[in-house]
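The numbering of the sequence shown is my numbering, which starts it at 3 and goes up by one. Taking it in order: structure first as structure tokens, then the write-up.
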Amino acid sequence: MTQQQLFASFLLDRTEGLEIALRAESVAEATPVTGAIQRLPASLDFVEGIMHLRNEVIPLINLKKRLGLVEREYDGNAKVAVVKLFHRRYGLLFDDIKEVFAVSPADVRKVDVALQTEDRIISSLITLEQGKRTVELLDLGNLFPGNTVELEEIGESLRNDGKETRERKFCRYVIFGFAGQQYGVPVEYTQEITFFEAIDRMYRGGVEEKNPPFSDSIQDLYKHSDVDGSLTLRGKTIPVLNARRLLDGPGISEDEYLGENTRILVVSDNSFSVGLIVEEVKAIEMIPEDEILPIGGGGNASVAGIYQKNDGNNILLLNMDHLIYGRADELKALARLSNGAEAPKVREKEQAAGAHHLITENCYLVFSVGKYMAVQLKDVQEIIEKTGILGLPGAGGYNSGVINLRGLVVPVVNLREFYGFKSAEHKKEEQKLIICRTESRTVALEVDGIVTIYKQEQYQTTSSLKKDLAKKKDTLDRLIVFAHEDGTSEHVLVVNIHNLIRNHLDMQQ
3 MTQQQLFASF LLDRTEGLEI ALRAESVAEA TPVTGAIQRL PASLDFVEGI MHLRNEVIPL
63 INLKKRLGLV EREYDGNAKV AVVKLFHRRY GLLFDDIKEV FAVSPADVRK VDVALQTEDR
123 IISSLITLEQ GKRTVELLDL GNLFPGNTVE LEEIGESLRN DGKETRERKF CRYVIFGFAG
183 QQYGVPVEYT QEITFFEAID RMYRGGVEEK NPPFSDSIQD LYKHSDVDGS LTLRGKTIPV
243 LNARRLLDGP GISEDEYLGE NTRILVVSDN SFSVGLIVEE VKAIEMIPED EILPIGGGGN
303 ASVAGIYQKN DGNNILLLNM DHLIYGRADE LKALARLSNG AEAPKVREKE QAAGAHHLIT
363 ENCYLVFSVG KYMAVQLKDV QEIIEKTGIL GLPGAGGYNS GVINLRGLVV PVVNLREFYG
423 FKSAEHKKEE QKLIICRTES RTVALEVDGI VTIYKQEQYQ TTSSLKKDLA KKKDTLDRLI
483 VFAHEDGTSE HVLVVNIHNL IRNHLDMQQ
């Protein structure tokens with residue numbers, strides 16, 4: 003059987019319907035234009051300028067000019083395909099992202115040399131839909147006419163100097179919002195997330211006060227022995243603080259921070275726990291280590307670095323060792339545990355082995371697809387916005403298409419369609435893609451919205467299912483009891499990601 007080739011196509015001219023393809027492995031990412039394009043004086047005519055993408059300067063190529071089109075401008079919805087060429091990254095401007103498709107080598111035909119210009123930038127034509135549709139294949143090697151040898155020498159020099167991009171490493175962070183700013187806590191420090199209603203408000207050594215004073219600093223907290231509440235988790239009482247106290251924000255009036263999305267983020271180092279009241283838990287994100295900007299000398303020691311997202315928003319990545327655990331003695335004193343005993347100290351090796359599993363051990367990501375369902379958190383790599391899905395010709399049913407996840411083509415499964423739930427109106431801004439991973443495969447689950455991260459140490463084996471779900475019973479082999487904010491509870495089915503991929507998806511590597 004002939005191996006098919008994978009291509010990503012883009013709309014270069016919306017009016018003319020001109021479609022350009024690139025080999026999928028050449029496209030590192032596709033993104034909107036971020037910020038203003040800075041012009042470069044005395045540059046090639048088709049170099050539009052430079053764009054700042056996180057901590058990287060990306061030269062932008064105006065392909066309309068490069069290919070000699072009459073219409074050479076782009077509107078505000080222009081997209082950028084970031085490609086790697088000669089050990090550097092460049093951005094190619096397009097009107098829109100089209101799709102990712104696979105074809106056999108027989109459908110890719112070289113353009114007759116007699117029909118090409120000297121630079122031969124369009125090397126082949128790809129025929130689709132039984133010849134009814136033709137896509138032009140861009141030859142990146144001929145993008146810069148006459149400069150190929152020089153660029154290759156520069157790239158070779160970078161490689162020999164050891165500056166070539168190495169395999170990237172990623173860190174997982176729980177992202178939360180507070181006072182208009184986004185913060186990240188490393189996953190290994192996060193124990194669980196619970197509802198605000200679970201705490202006892204304004205806990206203060208057993209003394210009740212209707213309007214206790216609000217102190218901005220942790221030093222004042224210790225001096226006055228007041229915290230914002232307490233939380234009992236599996237028989238252990240932990241202090242709960244408004245996140246603004248630790249983040250050194252200004253004082254706020256009573257309940258100003260409360261809302262339907264308010265959560266308690268419980269952080270722990272396996273010997274001590276504290277709850278932080280945050281406005282909203284937004285996502286779990288994979289953040290590349292090489293894109294984390296260090297604070298530098300004289301910076302805030304409570305912040306490990308800054309990460310800028312594609313939309314321009316900055317996330318402050320917190321240094322939990324300095325922010326909380328450097329003040330552990332003060333916070334432990336505030337807890338006033340009923341038995342007066344501290345948690346036993348964990349041996350260093352045991353602590354290192356257990357810390358990585360604090361958030362994933364017996365934890366579930368609960369989401370909505372017309373009803374509540376869940377996946378085991380240990381299978382979740384990250385949660386992202388539902389954007390950039392590229393439709394595949396002939397795809398249907400629960401196969402929504404694919405996304406380009408930092409250079410990895412990932413199939414998207416619509417869980418509503420997969421389990422046969424009725425379609426319904428829901429806010430597009432709440433829709434998410436849950437990126438799940440098994441030993442060697444990755445899949446994106448399309449869901450209506452994220453509910454919460456929930457810790458449940460007990461689960462039950464699924465004994466019976468409704469007729470519509472019975473044919474997918476291998477993917478629903480367990481359920482958990484999920485407690486709602488109002489005190490009611492329901493059984494929530496847990497999706498077995500491994501069986502979903504192994505038994506139901508055609509994902510040949």
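Positions of the beta carbon are idealized from the N, C-alpha and C atoms, including for glycine. Since we're looking at a predicted model, the values are computed, not measured.
Spatially closest choice to residue i from the options, by CA coordinates
i: residue 449; options: 279, 296, 471 and 373; result: 373
i: residue 417; options: 456, 389, 439 and 376; result: 376
i: residue 405; options: 476, 75, 139 and 29; result: 29
i: residue 506; options: 370, 421 and 140; result: 421
i: residue 441; options: 504, 67, 231 and 239; result: 504
i: residue 135; options: 105, 369 and 144; result: 105
i: residue 277; options: 261, 194 and 108; result: 194
i: residue 385; options: 41, 438, 12 and 111; result: 438
i: residue 290; options: 93, 319 and 458; result: 319
i: residue 381; options: 388, 364, 390 and 370; result: 364
i: residue 10; options: 465, 51 and 138; result: 138
i: residue 462; options: 471, 452 and 478; result: 478
i: residue 71; options: 244, 192 and 19; result: 19
i: residue 31; options: 465, 263, 82 and 309; result: 82
i: residue 322; options: 433, 443 and 192; result: 192
i: residue 38; options: 369, 79 and 129; result: 79
i: residue 123; options: 309, 233, 173 and 24; result: 24
i: residue 244; options: 274, 415 and 282; result: 282
i: residue 502; options: 485, 466 and 414; result: 414
Environment of residue i [buried if 16+ CB atoms lie within 10 Å]
i: residue 58; result: exposed
i: residue 33; result: buried
i: residue 131; result: exposed
i: residue 17; result: exposed
i: residue 454; result: buried
i: residue 469; result: exposed
i: residue 114; result: exposed
i: residue 378; result: buried
i: residue 171; result: exposed
i: residue 190; result: buried
i: residue 133; result: exposed
i: residue 231; result: buried
i: residue 303; result: exposed
i: residue 73; result: exposed
i: residue 64; result: buried
i: residue 241; result: buried
i: residue 6; result: exposed
i: residue 499; result: buried
i: residue 446; result: buried
i: residue 262; result: exposed
i: residue 457; result: buried
i: residue 476; result: exposed
i: residue 270; result: buried
i: residue 60; result: buried
i: residue 492; result: exposed
i: residue 353; result: Note that residue 353 has pLDDT 37, beneath the 50 cutoff, so the model's placement of it is unreliable and no number is given.
i: residue 474; result: buried
i: residue 100; result: buried
Beta-carbon proximity check, residue i vs residue j, cutoff 9 Å
i: residue 180; j: residue 249; result: yes
i: residue 96; j: residue 14; result: yes
i: residue 286; j: residue 177; result: yes
i: residue 2; j: residue 483; result: This structure cannot speak to residue 2, because the chain is shown only from 3 to 511.
i: residue 69; j: residue 187; result: no
i: residue 196; j: residue 265; result: yes
i: residue 409; j: residue 392; result: no
i: residue 307; j: residue 294; result: yes
i: residue 42; j: residue 35; result: no
i: residue 27; j: residue 8; result: yes
i: residue 98; j: residue 67; result: no
i: residue 433; j: residue 288; result: no
i: residue 185; j: residue 317; result: yes
i: residue 143; j: residue 87; result: yes
i: residue 444; j: residue 494; result: no
i: residue 387; j: residue 435; result: yes
Residue i: CB within 8 Å of a non-hydrogen atom of the ligand FAD
i: residue 289; result: No copy of the ligand FAD appears in this structure; indeed no ligand is present at all.
Interface flag, residue i vs chain D, CB-CB below 9 Å
i: residue 285; result: Looking for chain D here will not work: only one protein chain is present.
*Taking the runs of the beta strand (DSSP E) that are 3 residues or longer, which of them lie wholly in the region 366-454?*
374-378, 382-387, 401-407, 410-416, 434-439 and 444-449
*May I have a chain-ordered list of the alpha helix (DSSP H) segments no shorter than 4 residues that lie completely inside the region 447-500?*
469-472
*asked:* Extract the residue ranges of the alpha helix (DSSP H) inside the region 37-91, only unbroken runs of 4 or more that lie entirely within it.
replied: 65-68
*Enumerated in chain order, which unbroken segments of the alpha helix (DSSP H) with a length of 4 residues or greater are wholly contained in the region 263-306?*
none
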